[in-house]
Every structure is written in C-alpha cells, then in structure tokens.
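Novice:
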Amino acid sequence: MSSPSPRIPEFSIKIDQQTAVLLAAGGVAIGSAALLLYRNNMEPGTRMPRFLQRLADSLYTRAGGQSSDARNATSHMSFPTVAPPVLYERGGNGQTCEERLYVQLHVLDANSSANLPGAREKLKKQLETRDVSSVVYDDVNNPRSIGLLTWSTDPSHFVKVVNPILQMVGIGDVLTPRPRWTMFGKTYANGHEPSLVDFLIEKVPRNATRADAPYAVWYPMRRSGDFYMQSPEDQCRMLLHHAAIGKAFAEVLGGGGERVLDAG
Numbered sequence: 001m002s003s004p005s006p007r008i009p010e011f012s013i014k015i016d017q018q019t020a021v022l023l024a025a026g027g028v029a030i031g032s033a034a035l036l037l038y039r040n041n042m043e044p045g046t047r048m049p050r051f052l053q054r055l056a057d058s059l060y061t062r063a064g065g066q067s068s069d070a071r072n073a074t075s076h077m078s079f080p081t082v083a084p085p086v087l088y089e090r091g092g093n094g095q096t097c098e099e100r101l102y103v104q105l106h107v108l109d110a111n112s113s114a115n116l117p118g119a120r121e122k123l124k125k126q127l128e129t130r131d132v133s134s135v136v137y138d139d140v141n142n143p144r145s146i147g148l149l150t151w152s153t154d155p156s157h158f159v160k161v162v163n164p165i166l167q168m169v170g171i172g173d174v175l176t177p178r179p180r181w182t183m184f185g186k187t188y189a190n191g192h193e194p195s196l197v198d199f200l201i202e203k204v205p206r207n208a209t210r211a212d213a214p215y216a217v218w219y220p221m222r223r224s225g226d227f228y229m230q231s232p233e234d235q236c237r238m239l240l241h242h243a244a245i246g247k248a249f250a251e252v253l254g255g256g257g258e259r260v261l262d263a264g
C-alpha cells in the first residue's frame with residue numbers, strides 16, 4: 001500500500017498565490033509602460049512614429065520640397081504596408097523554385113602575347129582540377145585577351161572559388177580582368193516554363209557547352225525605366241521580339257573547333 005502524498009503546507013500555497021498576483025500585476029505594468037512608451041514615441045497628430053516622421057520630412061525635402069512645409073505635407077501620411085518579397089521563381093503549372101543560376105563573365109587581358117598561352121593553359125588546368133563549371137573563350141576582337149564564363153547556384157562561389165584561381169601566380173600576374181566588361185547576372189523565369197528547374201539551372205550550362213555552337217556573343221542589357229512604363233502588352237511584344245532575334249542566331253550559328261568570344 002502506497003503512503004499518502006505529503007500535504008503541501010498552507011504557507012506555500014499562499015506564497016504561490018501571491019506570486020501569481022504579483023506576476024499578473026507585473027505583466028499589466030509592463031504592458032502599460034510599453035503602451036505609454038509607444039504613445040510617447042508617436043508624433044502628436046500623426047500616424048507615424050517619430051523616426052518615420054523624420055524620415056518622411058527628409059524625403060520630402062530631398063524631393064525638392066521646402067523644409068518649412070515638410071511637416072504639414074507629410075503629417076497626414078501613414079507608413080505603407082508592403083507585402084513580403086517573393087524570393088522564388090514561378091513556372092508553368094504552379095511550379096516554384098527557390099534556386100537560380102548565377103553566371104559571371106570575365107574578359108581577361110594578358111600583359112603580353114608571349115605570356116598568354118601559358119596563363120591560359122594554367123587557368124584551364126586549375127578550373128578542371130577544382131571541378132569548376134566553366135568555359136574559356138578566345139576573344140575574336142583581341143589576340144591578347146580571353147574570356148572566362150563560370151556559373152553556380154551559390155553566389156559566394158565566385159568569391160570563394162573563382163577569385164582565388166584568378167589570383168594565382170602565373171594567372172593573376174598575367175591576366176587582368178577588364179572591369180567594365182565584367183558581367184554578372186542570374187536566371188529568372190517568366191512564369192510559363194514547362195520545366196522550371198531545367199530552365200533555371202540546366203539551360204545556360206547546356207547552351208554554353210554545346211559542341212556544335214562554338215561562338216558566343218555576350219552583351220550587357222539593362223532595361224531603361226521607360227520599358228516599365230509601357231503597357232503589359234507592349235512589354236510582352238518587345239520581349240518576344242528580343243527572344244526571336246536570339247532564336248534566329250541560335251538556329252544559324254554552329255560548327256566545331258575553339259570557342260570564340262565576341263564581347264563587343
């Protein structure tokens with residue numbers, strides 16, 4: 001037969017009740033203090049905390065408004081609610097993918113024609129040894145220049161892996177990147193891709209390493225602000241025209257041999 005449970009002293013029960021009351025009172029006090037602090041931080045007559053009101057006044061002045069008019073012009077404003085950004089790509093049939101491929105092109109100038117072949121071969125060997133996905137181009141416009149295309153789903157890959165190779169003796173002291181010709185971008189979807197992962201991750205490497213397509217024409221493209229002011233129909237029409245030009249070149253160009261870069 002088990003022994004009866006020891007009786008809890010009445011004094012302990014009273015202490016616990018007092019503690020609960022004190023905790024409840026403390027919670028109310030903290031909540032009240034927080035509310036008072038928040039109200040004190042609100043600019044009188046506005047719907048924004050003071051630091052946001054100061055930001056609004058500053059933005060108004062920087063936009064060309066008079067500082068004396070800033071408060072009257074911005075006091076009725078409220079801080080906008082913005083939906084969280086979408087960090088994944090959307091394809092057809094409800095597909096989504098959080099990965100995308102980052103691609104970088106370097107145009108590397110040799111300090112002399114005599115040093116270029118050795119530096120080129122050492123670069124290719126280091127890329128192969130470290131299993132770096134890449135293509136090395138000859139530059140059709142410059143006999144003392146080569147191109148290096150690398151890609152990865154990890155954006156830190158270029159700093160952790162590619163840059164150290166380009167800094168090696170026999171490479172970095174011979175080949176100098178042409179900064180204004182360096183390109184860096186990522187793949188993105190238009191929302192209609194039947195195979196989203198293939199489009200985002202596999203298509204660029206597949207096209208860049210095709211044996212029957214030795215030529216590559218790399219050029220920077222940055223859409224002007226006017227593009228985004230066009231109607232959706234006009235934007236779509238321009239993008240389709242751009243895609244058609246690329247497709248036409250892809251169907252015509254081919255052949256074998258060394259890979260050649262035209263970065264002009």
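Counted from 1, the sequence shown has number 84 at position 84 by UniProt numbering; the numbering is strictly sequential.
Cβ atoms here follow ideal geometry from the backbone N, Cα and C, with glycine treated the same way.
Predicted model only: the values in this text are computed from it and were never measured.
1) For P117 and D109, I'd like the C-alpha separation in whole angstroms.
2) Using DSSP's beta-bridge definition, name the partner residues of F199.
3) For the alpha helix (DSSP H) containing G246, list its first residue and its last residue.
4) Write down the C-beta distance between A189 and E89 rounded to the nearest angstrom, noting that I regard them as a contact closer than 8 Å.
5) Taking S145 as part of the alpha helix (DSSP H), name the residues at either end of that continuous run.
6) Quick check: what's the CA-CA separation for R100 versus R71?
7) For a test of the three-state rule: what should DSSP assign to S75, helix, strand or coil?
8) Figure out for me which residue from T81, K203, K124 has the closest Cα to the Cα of V162.
9) Alpha helix (DSSP H) containing Y60: first to last residue?
10) Measure from the alpha carbon of V217 to the alpha carbon of each residue in M229, L149, S195, then state which is nearest.
11) Taking 9 Å as the cut-off, decide whether the C-beta atoms of M238 and Q230 are in contact.
12) Going by the DSSP bridge assignment, what does G185 pair with across the sheet?
13) Using the three-state DSSP reduction, which class does L87 fall into: helix, strand or coil?
14) Below 8 Å on the Cβ atoms is my contact criterion, and I expect T187 with V204 to pass it. Report the Cβ-Cβ distance as a whole number of Å.
Specialist: Based on what the coordinates show:
1) Cα-Cα distance, rounded: 12 Å.
2) Looking at the DSSP output, F199 sits in no beta bridge, so it has no partner there.
3) Start and end: 232-252.
4) Going by Cβ atoms, the distance from A189 to E89 rounds to 4 Å, so yes, they are a contact pair.
5) Unbroken run through S145 is the beta strand (DSSP E), 145-152; no alpha helix (DSSP H).
6) R100 and R71: Cα-Cα distance of roughly 45 Å.
7) The answer is coil: DSSP assigns S75 none of H, G, I, E or B.
8) When each option's Cα is compared against that of V162, the closest is K124.
9) Under the DSSP assignment, Y60 falls in the alpha helix (DSSP H) whose first and last residues are 50-62.
10) Among M229, L149, S195, the Cα nearest to that of V217 belongs to L149.
11) Cβ distance < 9 Å, so M238 and Q230 count as in contact.
12) Per the DSSP secondary-structure output, G185 pairs in a beta bridge with V103.
13) Secondary structure at L87: coil, using DSSP grouped into helix, strand and coil.
14) Contact between T187 and V204 is confirmed by a C-beta separation of about 6 Å, below the 8 Å threshold.
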